[in-house]
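There are 2 protein chains.
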Amino acid sequence: MQLLSLTEENYIKAIYSIQHSNGTGEVSVNEIAEKMQTRPATVTDMLRKLSEKALIHYEKYKKVQLTAPGTKTALSILRKHRLWETFLYQRLNFSWDEVHEVAEQLEHIHSAKLIERLDEFLGFPEYDPHGDPIPKPNGDVPVSTAKLLSEIKSGDKCKIVAVKDTTSPFLRQLQRYNLTIGCRLTVLERLPFDGSIIVRTEKEEQIQLSEKIAVNLLVL
Amino acid sequence: MQLLSLTEENYIKAIYSIQHSNGTGEVSVNEIAEKMQTRPATVTDMLRKLSEKALIHYEKYKKVQLTAPGTKTALSILRKHRLWETFLYQRLNFSWDEVHEVAEQLEHIHSAKLIERLDEFLGFPEYDPHGDPIPKPNGDVPVSTAKLLSEIKSGDKCKIVAVKDTTSPFLRQLQRYNLTIGCRLTVLERLPFDGSIIVRTEKEEQIQLSEKIAVNLLVL
DNA sequence: TTATCACATTAACCAAGGCTTACTAAGCTA
DNA sequence: TAGCTTAGTAAGCCTTGGTTAATGTGATAA
Numbered sequence: 186m187q188l189l190s191l192t193e194e195n196y197i198k199a200i201y202s203i204q205h206s207n208g209t210g211e212v213s214v215n216e217i218a219e220k221m222q223t224r225p226a227t228v229t230d231m232l233r234k235l236s237e238k239a240l241i242h243y244e245k246y247k248k249v250q251l252t253a254p255g256t257k258t259a260l261s262i263l264r265k266h267r268l269w270e271t272f273l274y275q276r277l278n279f280s281w282d283e284v285h286e287v288a289e290q291l292e293h294i295h296s297a298k299l300i301e302r303l304d305e306f307l308g309f310p311e312y313d314p315h316g317d318p319i320p321k322p323n324g325d326v327p328v329s330t331a332k333l334l335s336e337i338k339s340g341d342k343c344k345i346v347a348v349k350d351t352t353s354p355f356l357r358q359l360q361r362y363n364l365t366i367g368c369r370l371t372v373l374e375r376l377p378f379d380g381s382i383i384v385r386t387e388k389e390e391q392i393q394l395s396e397k398i399a400v401n402l403l404v405l
Numbered sequence: 186m187q188l189l190s191l192t193e194e195n196y197i198k199a200i201y202s203i204q205h206s207n208g209t210g211e212v213s214v215n216e217i218a219e220k221m222q223t224r225p226a227t228v229t230d231m232l233r234k235l236s237e238k239a240l241i242h243y244e245k246y247k248k249v250q251l252t253a254p255g256t257k258t259a260l261s262i263l264r265k266h267r268l269w270e271t272f273l274y275q276r277l278n279f280s281w282d283e284v285h286e287v288a289e290q291l292e293h294i295h296s297a298k299l300i301e302r303l304d305e306f307l308g309f310p311e312y313d314p315h316g317d318p319i320p321k322p323n324g325d326v327p328v329s330t331a332k333l334l335s336e337i338k339s340g341d342k343c344k345i346v347a348v349k350d351t352t353s354p355f356l357r358q359l360q361r362y363n364l365t366i367g368c369r370l371t372v373l374e375r376l377p378f379d380g381s382i383i384v385r386t387e388k389e390e391q392i393q394l395s396e397k398i399a400v401n402l403l404v405l
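Residue numbers (our numbering), protein chains in the order written: chain S, 186 to 405; chain G, 186 to 405.
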């Protein structure tokens, strides 16, 4: 795995992320430009570069996909990012919504040894503070069978294992409800009109969660 | 404190380091060029930049000195470097000779919160694995009262707190003796002819240490 | 089946950062 | 004060990552 510039790494991340969020696994120039806050022309240039480095499959006017090495690179960055997030959250008592920004910097530190030792130090965690799976060194990604809270039948119990949205506004709203990874919930009622869900927490509190909240909470 | 580029930070570090190694506290362009592995002309350019940012006192053809803010910046970088070294050594089991390179990268991460939390996590250490003082957030630099093992009177007890030499041959020899940071020693006898010192460890072992070893062990 | 339009590419160019060489200026010292 | 060492200036190179404006492509709707 060659050494990439910070920007190159961020493009790889962006492509990976888009690939995994829009079902098809194929990514357009415009989507990348959008994500990277830049112009399509800039993206085309970068795609040529990444293609020369064999990190992406790229043909003019066609959609983009990561190659095997490209995917490996993306997973390696993701691994670093999520391990650092876990470290910040578990050991340095950063809050949920603070970890991302700093991890964004730390993920670009180049040292295989560092990241393996960090993994060991953290006890080989499988999921980061947001419940996202931490890729293994070989690229395996732990698969979660988690479902969306919005899919849970009323009467059923479940446990929050992850969040889909990881932006501060969402995480802060969860904090207001006192909801966090690991919380056990019982779904009391689902309101058909707006998709709201009423749940009971372990502390016997009743909370009404909007549909938008419910589709961003992953539970088991 | 403004945000500096990686290179700017490294120049500041270099100037600080030269300032503190050549008694006078004044630094020449050539010395900086030497340390930074670059040409004097390049240094002149950078000095103009750093001077504009008020980090150094600089007048053409005169020696260079850090200003108060410049010194603060240097200490802040040093603080980060040494805290990361401590983390790598103490928590991730990096060896003495491995910490520097990685800390060199980590020291450029920008997050005041990160470094304060790291400090707290490590228990507010005063010295890094090499026994160098870790500057405080306000810029104070702990003064070590540690003495060389070679200065300890026979009969006195002491504890190893740092090593002066950090090269692997020395460290490997210490490992053979089973000596490490924190070991308590009793100085039994000092041999005047070659300066050797005979010590007793906590495990009641007796070890004879050469003068060269003794002048590279810092004890309290 | 072709006209259209969104999307992608190219070309030319910009700016910052960090560096170089070649030349010139300063200042110390004999 | 000559001569050497040291430092500064000017001009310019290269890389990275960006821009705009113009042009090319190809899916699709009429």
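Quick reminder that beta carbons are idealized off the backbone N, C-alpha and C, glycines included.
Please read these numbers as outputs of a predicted model, since none were measured by experiment.
Residue i in three-state terms, based on DSSP
| i | result |
| --- | --- |
| histidine 315(S) | coil |
| leucine 291(S) | helix |
| alanine 347(G) | strand |
| lysine 265(S) | helix |
| arginine 369(S) | strand |
| aspartate 325(G) | coil |
| proline 354(S) | helix |
| tryptophan 281(S) | coil |
| phenylalanine 272(S) | helix |
| methionine 186(S) | coil |
| glycine 340(S) | coil |
| leucine 260(G) | helix |
| lysine 434(S) | For residue 434(S) there is no data in the structure shown, the boundaries of chain S being 186 and 405. |
| glutamine 360(G) | helix |
Where the beta strand (DSSP E) through residue i begins and ends
| i | result |
| --- | --- |
| glutamine 391(S) | 391-394 |
| valine 165(G) | One cannot answer for residue 165(G) here, as it falls past the ends of chain G, which runs 186 to 405. |
Identified DSSP bridge partners for residue i
| i | result |
| --- | --- |
| glutamine 250(S) | His242(S) |
| threonine 330(G) | Note: threonine 330(G) sits in no beta bridge, so no partner. |
| glutamate 374(S) | Ile383(S) |
| valine 404(S) | Lys332(S) and Ile345(S) |
| valine 212(G) | Val249(G) |
Member of the options whose CA lies at the smallest distance from the CA of residue i
| i | options | result |
| --- | --- | --- |
| leucine 373(G) | Leu394(G), Ser213(G) and Pro354(G) | Leu394(G) |
| valine 404(S) | Arg224(S), Ile217(S), Cys368(S) and Leu277(S) | Cys368(S) |
| aspartate 166(G) | Leu273(G), Ile203(G), Arg302(G) and Glu194(G) | This structure leaves residue 166(G) out entirely; chain G is present only between 186 and 405. |
| alanine 297(G) | His315(G), Phe279(G) and Ile262(G) | Ile262(G) |
| threonine 192(G) | Met231(G), Lys344(G) and Asp350(G) | Met231(G) |
| threonine 227(S) | Asp379(S), Ala253(S), Tyr196(S) and Pro254(S) | Tyr196(S) |
| proline 377(S) | Gln360(S), Thr371(S), Thr351(S) and Ser339(S) | Ser339(S) |
| alanine 199(G) | Met186(G), Leu240(G) and Lys247(G) | Leu240(G) |
| alanine 399(S) | Glu387(S), Glu211(S) and Ile383(S) | Ile383(S) |
| valine 137(S) | Cys343(S), Lys248(S) and Glu237(S) | There is simply no residue 137(S) to check, as chain S begins at 186 and stops at 405 in what is shown. |
| aspartate 317(G) | Met186(G), Leu402(G), Arg224(G) and Leu188(G) | Leu402(G) |
| glycine 208(G) | Lys234(G), Tyr246(G), Leu235(G) and Gln250(G) | Gln250(G) |
| valine 212(G) | Glu390(G), Ser190(G), Leu189(G) and His242(G) | His242(G) |
| isoleucine 345(G) | Ala288(G), Thr386(G), Ser353(G) and Asp325(G) | Thr386(G) |
| leucine 307(S) | Gln222(S), Ser353(S), Glu270(S) and Lys397(S) | Glu270(S) |
| valine 287(S) | Glu390(G), Leu291(G), Glu194(G) and Val287(G) | Leu291(G) |
| arginine 264(G) | Gln222(G), Pro225(G) and Glu301(G) | Glu301(G) |
| threonine 330(S) | Pro322(S), Lys321(S), Cys343(S) and Asn323(S) | Cys343(S) |
| tyrosine 246(S) | Ala253(S), Pro254(S), Thr252(S) and Arg233(S) | Arg233(S) |
| glutamate 194(G) | Gly210(G), Met221(G) and Asp341(G) | Met221(G) |
| glycine 255(S) | Asn278(S), Glu237(S) and Asp304(S) | Glu237(S) |
| histidine 315(S) | Gln204(S), Ser280(S) and Glu389(S) | Ser280(S) |
| alanine 253(S) | Gln275(S), Asp325(S) and Ile319(S) | Asp325(S) |
First through last residue of the alpha helix (DSSP H) which encompasses residue i
| i | result |
| --- | --- |
| phenylalanine 306(S) | 297-306 |
| glutamate 193(S) | 191-206 |
Any C-beta of chain S within less than 7 Å: which residues of the segment 299-332 of chain G qualify? Against chain S - using a Cβ distance shorter than 7 Å - the residues of the segment 299-332 of chain G are Leu299, Arg302, Leu303 and Phe306.
Interface positions of the segment 273-290 of chain S facing chain G (Cβ-Cβ less than 9 Å), listed along the chain: Taking 9 Å as the Cβ-Cβ cut-off, the segment 273-290 of chain S approaches chain G at Leu273, Arg276, Leu277, Asn278, Phe279, Glu283, Glu286, Val287 and Gln290, given in chain order.
For the segment 252-268 of chain G, enumerate the residues whose C-beta is nearer than 9 Å to any C-beta of chain S, in chain order. Against chain S - using a Cβ distance shorter than 9 Å - the segment 252-268 of chain G contributes no residues.
Residues in the segment 378-404 of chain S having any Cβ partner in chain G nearer than 7 Å: Near chain G, meaning a CB-to-CB distance below 7 Å, no residue of the segment 378-404 of chain S qualifies.
Which residues, in order along the segment 216-244 of chain G, keep a beta-carbon less than 9 Å from a beta-carbon of chain S? Those residues of the segment 216-244 of chain G placed with their C-beta closer than 9 Å to a C-beta in chain S do not exist.
Below 7 Å between beta carbons is the criterion; list the residues of the segment 330-357 of chain S that meet it against any residue of chain G, in chain order. For the segment 330-357 of chain S, which is checked against every Cβ of chain G, not one residue is closer than 7 Å.
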